[in-house]
Structure formats: structure tokens, C-alpha cells
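Everything on this sheet refers to the single structure shown next.
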Amino acid sequence: MSQPPALRVEGLHKSFGRLEVLRGIDLVVADHEVVCLIGASGSGKSTLLRCIDLLEPLDAGRVVVEGTEITAIGVRVDEVRRRIGIVFQAFNLFPHMRVLDNVTLAPRKVLRVRAPEAERRALELLERFGLADKAREFPDRLSGGQQQRVAIVRALAMQPQLMLLDEITSALDPELVAEVLNVIRELAAAGMTMVIATHEMGFARDIANRVCFLDGGRILEEGPPEQLFGAPREERTRQFLQRIVEAGRL
Amino acid sequence: MSGDLAQGVPPLGDPLRGDRSSRLLGGGSGRSALRTNLIALGSAVVVFGALGLVIVNAPNWPAVQQAFFDGQVLADSLPELAQAFVVNIQLFLIAELLILPLALVVAVLRLLPGPAFFPARLFAVVYADLFRAVPGILVIALLGFGMPALGIPGIPSDPFIWGVIALVLLYSAYVSEVYRAGIQSVHPSQEAAARSLGLSRLQALRYVVIPQAVRRVIPPLLNDFIGLQKDTALVSVIGVVEVFRQAQIDEAATFNFTPYVGAALIFVVITVPLARFTDWLVARDRRRQLATAT
């Protein structure tokens, strides 16, 4: 291989107390690839994303981003996180800052971009995602969908090489889901490398190059969406998808 | 807490709106408000009037009135007392300006993670425990009499300075705990969001956690400063002539306790508005929370 993959996870284990949430995850994501993680609540999707961003310490295993092992001793964690963007289920915008300041905080304080330049770039991004008129508002004046789009813009402002999306539509009213998913479609079309934990199976089928089914802390089955949704090999995958279909979500 | 003293009839309308605590008289609006206010007023006149009658008709009232409520003595001593109170205000303002940043440093020290910062955490815990355990008057006496007595060159002997230092040490211990509670009340997801953007732990504290924490603890902070304002009188024990010591001097000159009442009145006049303001802030925050928690 000439170029290292965007992300390589090897033998990742993670426990919370006596509960082993991840039991050996191996995952390789190529540049510009979109990988969706599906599975029941508690299967470890969110924990996996948080471990990749080093928001949770790993018990065992390695995470390699663009050929650099970020779990190695002596790696500066803050520098690693600049290159990885993560968007959370609960938005986690900073409620005491206006939208524009939410977006420019990290570029100003971490990348030392000067304020006028940071604001110009932030306004460009907000404009691109239809949020320019919200730049001076505080987050609590925005709808859930708008807040989540701001959170995406905030992560993009750091120009990450990899985006991790953690069930970003699960906290939204149904009619607000589409506007957020459209932003992600646009990012995928622009070639952003993404790992997406989601319960939106239709969206996963549309957007993913590859879908991973997590069960009991392992990737039980992975493959292209047509195969995984159309002809799953594993009985557990079939059962999971069956329940989704019965719930009317696929 | 002290919002609904005279609340007789609960307001009509929506009992779940939660704005009752801000209504001292317990009224609503319109005609029913007038009626409620009249009842509240009448009830106050009857209760306090009866109390006053009982006191004034007590057998020893003339003696008490002469010893504590002598109008002439009050008029004579008030100007001096007011002048001495300027010292209390100086003590209070200087101490407060030092307490606000110092207490924040102590609170942050206590929250630093990892084994390397164990000494910092230990220092913060011991400091806060110690200065909350020892009575203020003892700390003031120990520092005010003890430090100058050491005779170390360069150490100030001015009791005013030691009074300020003692108040700062005492109240920073309390205020650091208020800050700490505020910092811990900010959800960890806020720090995670900041860290995920590449901010260091200190940057996350500085730009994301502490601004939110301080906003939340402004009412309890003000409460502590009401306490500080009153405790400036303790500094009199090391010889600072502030309002309490001035009242003592006047009392010794007139053989009358009215100057103490005068000093108390000055504290009331200054402190009560601050207490009202704190209540108002709490009520406003409550309304905002109710408005956004839909």
C-alpha cells in the first residue's frame, strides 16, 4: 500500500468497571470512505467513537490516524484531536457563547488564527450550511436541527481529516432529522472521511461505503450496505434488522 | 427563602408557574391583587402593632428605651459611626477584590487531575478545611497580634492589613467551595466537547467551564459577601477603629448602648439591599430556567 489508511483500529478493548464494552475491535477506514456503525443501544458504537478521539482511555489496542499511532506513549493528545472532528448526540454547544464564537473558539485558541480571519472562515461555513443569519444568536434560540448543524460546522472549522458522528440525529424531532442528514450527505460528496454511528438505517444504506454491525462489543459483520441490509450472513444481524423493520424504521 | 413572608392567599390562576416566591405580598393582578394586598397590609399592621404594644407596655420599657433607643445619643453618634463605617467598606472592598481570584485558584487546584497534582489538591483541601474550621475571630486575632509580634523585618504591623489578610484567608476558603460546586455543576460533556476540538484542559476550563460555572454561582457568592460585610466588624478585636469599635468608644463616653443600635442600623441599611438584590437574581434565574426548560 502506498498511502496509509485514514484510520486503523487494532484490537481495541474498553471496560467500564466490570462491564466490558468493547472486546477487540479491528477497523480500517480508507481516505474518503464513509463507514456506518449500526447495532443495538449498548453495543459499543459510541464508546468506539469516543475511544478513537481519545476521550476515553483504552484498555488495550492501537488507534492509527494517517499512519501515526495516536495511542502511543508521548503523543500529544490535544494535537491529535485537532485532526479529528466529533459531533455528539446532544450537540454540546457552548451555551454561554454566540454561534459565531462557538465556531471560532478552537481556531482562535488552538490554531492561533486571528479573530477577523477566524470569523470570516466561520461565516463562510455557516453560510454554506444555511446558518449565516444565526451567527449572532445564542444556541438556546436555535432549533435542535440548527444546533446540530452548528455543532457540525464547529467541528469542520478545525479542518479535520476525519469526522466521527455519534448518533447525531437521535435527539432530534423527526421533522428536523433530514436537514442534518443532508449536511452529512454534502460532506460525503465533498470527500470527507467519516465514521458514523447511527440508528437511521435508510440513511446508512444511502450514504455508507461500508456498514459494520456491532454486537456485544465486537464487529460481528461488515460489508457494503446492499449486502449487509439485503443478505446478512449472521443470524444476529438478521434478528437486529428484523426488529428494525418491525419498528417501521427500514 | 424569605420571599413569601406575608403570603396569605395563594395567587389565583396557574399554581405551576412558579413565580410565587418573588411576590412578597402574595398578590396576583387586577382587583384580586388589590384585595390580597389590603389583607397583607392589614395583617401586618395587626401583628406588628400588637407586638409593639406588648413591648412598649413591658414594665422595664422606659429603662430599655433610655439605654438602647436614646434619640439624642443616636443623633450625636451617627456621624462618627458613619465615618468609622468607611473603614468597614474599605476592608470589605479590598478583601472582596482579593477573594474572587484567589478562591478561584484554590477551586481549580482542587480539581486538577492525575497523581502529579496530588500536592496541589492536598493543599487546597487542607486549606479549605482549616479555614472553615477555625472561628474567624481567632484567625483575625492570631494573625493580627501574632504576626507583628514575631518582629520579622518587613512584616507589616498595621492591624488593618492583617485584618484584610485574615478576612481574605477566611472567606476564600468558603468561596472556593462555592466555585468548586459551580464548576462541578457544568456537565462533563461540555469539557468533552471543548477537548474534542483540541483545547487543552486548562483552555477548556478557562473558556468553557469556568464562565458557565461563575454565572451559576453568582447568587451564593453574593450571599457569602453579605457575610463578609458583617464580619468586617470582627477586625475590631485587633484594634482597627471601624464602626463597632467606634460604637464601643461612644458607649464608654455616654454610658448608653444606643451607639451599638446605630452601628447595627448602618449594617442593615447597607446589607438588606444586597440581600434583596441576591433574591431578585435567584428569582430571575429561576424564571429563565422555567422559560427555557420546555
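Line by line, the protein sequences give chains A and B. The first sequence runs contiguously to residue 249 in numbering that gives the first Met the number 0. The second sequence runs contiguously to residue 293 in numbering that gives the first Met the number 0. Note that CB positions come from ideal geometry on N, CA and C, so glycine has one too. Just so we're clear, the structure is a prediction, and the values are computed from it rather than from any experiment.
Q.
Just to check my reading of the structure: L130/A and V149/A have Cβ atoms closer than 8 Å, yes? What is that Cβ distance to the nearest angstrom?
A. For the purposes of this step, residue 130/A is identified with residue 131 of the first sequence, where counting begins at 1. For the purposes of this step, residue 149/A is identified with residue 150 of the first sequence, where counting begins at 1. The distance from the Cβ of L130/A to that of V149/A is about 6 Å, consistent with a contact at the 8 Å cut-off.
Q. Rounded to whole angstroms, how far is the Cβ of R22/A from the Cβ of R217/A, which I believe are closer than 8 Å?
A. If you number the first sequence from 1, residue 22/A lands on position 23. If you number the first sequence from 1, residue 217/A lands on position 218. R22/A to R217/A, Cβ: 5 Å. Contact.
Q.
I'd like to know whether the C-beta of G238/B is nearer than 8 Å to at least one C-beta of chain A.
A. Taking the first residue of the second sequence as position 1, residue 238/B is located at position 239. No, G238/B does not count as interfacial toward chain A.
Q. Straight-line CA distance for M162/A to M191/A?
A. Reading the first sequence from its first residue, position 163 is the one you call residue 162/A. Reading the first sequence from its first residue, position 192 is the one you call residue 191/A. Going by the C-alpha atoms only, they are around 7 Å apart.
Q. Going by C-alpha distance, which of A177/A, D214/A, H31/A, R153/A is nearest A192/B?
A. What you label residue 192/B is simply residue 193 of the second sequence in a count that begins at 1. That would be R153/A, whose Cα lies nearest to the Cα of A192/B.
Q.
Let me confirm a value: E78/A is counted as buried when at least 16 other C-beta atoms fall within 10 Å, else exposed. Which label applies?
A. Stepping through the first sequence from its first residue, residue 78/A is reached at position 79. Its Cβ having fewer than 16 others within 10 Å, E78/A is exposed.
Q: Tell whether a beta-carbon distance below 8 Å holds between E189/B and F87/A.
A: On the second sequence, position 190 is the one that residue 189/B refers to. On the first sequence, position 88 is the one that residue 87/A refers to. Glu is not the amino acid found at residue 189/B; the sequence shown has Gln there. Their beta carbons are not under 8 Å apart, which means Q189/B does not touch F87/A by this criterion.
(Q) In this structure, how does DSSP classify E19/A when only helix, strand and coil are distinguished? (A) Here residue 19/A is taken as the residue at index 20 of the first sequence, counted from 1. It is a strand residue.
Q. If you measure beta-carbon to beta-carbon, which residues of the region 166-198 of chain B are closer than 7 Å to chain A?
A. S188, Q189, A191, A192, R194, S195, L196, G197, L198
Q | Inter-residue Cα distance where the pair is S20/B and L273/B | A | In the second sequence, residue 20/B corresponds to position 21, counting from 1. In the second sequence, residue 273/B corresponds to position 274, counting from 1. Model confidence at S20/B stands at a pLDDT of 46, short of 50, so the residue's coordinates are unreliable; what they give is reported in the following sentence. S20/B and L273/B: Cα-Cα distance of roughly 18 Å.
Q. At a Cβ threshold of 8 Å, is H95/A touching chain B?
A. The sequence position of residue 95/A within the first sequence is 96, counting from 1. True, the Cβ-Cβ gap to chain B drops below 8 Å.
Q.
Using 8 Å as the threshold, is the C-beta distance between L99/A and E118/A below it?
A. Within the first sequence, residue 99/A is the residue found at index 100, counting from 1. Within the first sequence, residue 118/A is the residue found at index 119, counting from 1. Yes. Within cutoff.
Q) So is V109/A in contact with chain B if we call contact Cβ pairs under 8 Å? A) As a working note, residue 109/A is residue 110 in the first sequence. By the rule that beta-carbons nearer than 8 Å mark a contact, V109/A touches chain B.
Q | CB-CB length for L57/A against K13/A, believed under 8 Å | A | For the purposes of this step, residue 57/A is taken as residue 58 along the first sequence, with counting starting at 1. For the purposes of this step, residue 13/A is taken as residue 14 along the first sequence, with counting starting at 1. The C-beta distance from L57/A to K13/A rounds to 6 Å, short enough to fall under 8 Å.
Q.
Please report whether the beta-carbon of I167/A lies at a distance below 8 Å from any beta-carbon of chain B.
A. In the first sequence, counting from the first residue as 1, residue 167/A sits at position 168. Cβ-Cβ to chain B under 8 Å: no for I167/A.
Q: Measure the beta-carbon distance from I98/B to V167/B and round it to whole angstroms, keeping in mind my assumption that it falls under 8 Å.
A: Reading the second sequence from its first residue, position 99 is the one you call residue 98/B. Reading the second sequence from its first residue, position 168 is the one you call residue 167/B. With 8 Å as the limit, I98/B and V167/B qualify as a contact, their Cβ atoms being about 6 Å apart.
Q.
Distance cutoff 8 Å, beta carbons only. Does Q241/A sit that close to anything in chain B?
A. Translated into the one-based positions of the first sequence, residue 241/A becomes position 242. It does not: the Cβ of Q241/A has no partner Cβ on chain B nearer than 8 Å.
Q | Segment limits, beta strand (DSSP E) that includes D214/A | A | The residue you call residue 214/A lines up with position 215 of the first sequence. 209-214 is the extent of the beta strand (DSSP E) around D214/A.
Q) Going along the region 203-215 of chain B in order, which residues come within less than 9 Å of chain A, judged by CB to CB distance? A) R205, Y206, V207, P210, Q211, R214
Q. Taking V271/B as the reference, which of G226/B, V185/B, V138/B, V240/B has the closest Cα?
A. Numbered from its first residue, the second sequence carries residue 271/B at position 272. For V271/B, the nearest C-alpha among the options comes from G226/B.
Q: Using alpha carbons as the reference points, say which of R49/A, A156/A, A59/A lies closest to E126/A.
A: By 1-based counting over the first sequence, the position of residue 126/A is 127. When only C-alpha atoms are compared, the closest one is A156/A.
(Q) Could you check whether the Cβ of L264/B sits closer than 7 Å to any heavy atom belonging to the ligand FAD? (A) The ligand FAD is not part of the structure shown, which contains no ligands of any sort.
Q: Would you tell me roughly how many angstroms separate the C-alpha atoms of I136/B and L129/B, rounded to the nearest one?
A: Taking the second sequence and counting its residues from 1, the one referred to as residue 136/B is at position 137. Taking the second sequence and counting its residues from 1, the one referred to as residue 129/B is at position 130. The alpha-carbon atoms of I136/B and L129/B are separated by roughly 14 Å.
Q) In chain order, which alpha helix (DSSP H) runs of at least 4 residues are fully inside the region 172-196 of chain B? A) 187-195
Q | Same chain only: Cβ atoms within 7 Å of V174/B, ignoring 5 sequence neighbours per side | A | The sequence position of residue 174/B within the second sequence is 175, counting from 1. Here the set comprises I98, A102, L220, D223.
Q: Tell me, please, whether the region 206-226 of chain A touches the region 25-43 of chain A by the rule of three or more beta-carbon pairs shorter than 8 Å.
A: Short answer: they touch.
Q) At what residues does the beta strand (DSSP E) containing R61/A begin and finish? A) As a first step, residue 61/A must be located in the first sequence, where it is residue number 62. Residues 59-64.
Q. Is the region 202-222 of chain B touching the region 235-246 of chain B, taking contact as three or more C-beta pairs under 8 Å?
A. no
Q | Sequence-distant residues of its chain with Cβ nearer than 7 Å to F91/B (five each side left out) | A | Within the second sequence, residue 91/B is the residue found at index 92, counting from 1. Excluding sequence neighbours, F91/B sits near L227, Q228, T231.
**Q.** DSSP beta-bridge partners of I206/A
**A.** Within the first sequence, numbered from 1, the residue matching residue 206/A stands at position 207. None; I206/A has no bridge partner.
**Q.** CB contact flag (I139/B, L264/B, <8 Å)
**A.** Counting from one through the second sequence, the residue named residue 139/B turns up at place 140. Counting from one through the second sequence, the residue named residue 264/B turns up at place 265. No; because the gap between Cβ atoms is not below 8 Å, this pair is not in contact.
Q) Is there a Cβ from chain B that is less than 8 Å from the Cβ of R120/A? A) If you number the first sequence from 1, residue 120/A lands on position 121. The beta carbon of R120/A sits no closer than 8 Å to any beta carbon of chain B.
Q. Just curious, the alpha helix (DSSP H) that D223/B is in, first and last residue?
A. Looking up residue 223/B in the second sequence gives position 224. 209-230 is the extent of the alpha helix (DSSP H) around D223/B.
Q | Reduced DSSP secondary structure (H/G/I, E/B, other) of S20/B | A | For the purposes of this step, residue 20/B is taken as the residue at position 21 of the second sequence. For S20/B, the predicted model reports a pLDDT of 46, less than 50, meaning its position is unreliable and no value from the coordinates is stated.
Q: Would you verify that the beta carbon of A105/A is, or is not, closer than 8 Å to some beta carbon of chain B?
A: As a position in the first sequence, residue 105/A is number 106, starting the count at 1. Cβ-Cβ to chain B under 8 Å: yes for A105/A.
**Q.** is_contact[I85/A, chain B] using C-beta, thresh 8 Å
**A.** Mapped onto the first sequence, residue 85/A falls at position 86. So, interface residue.
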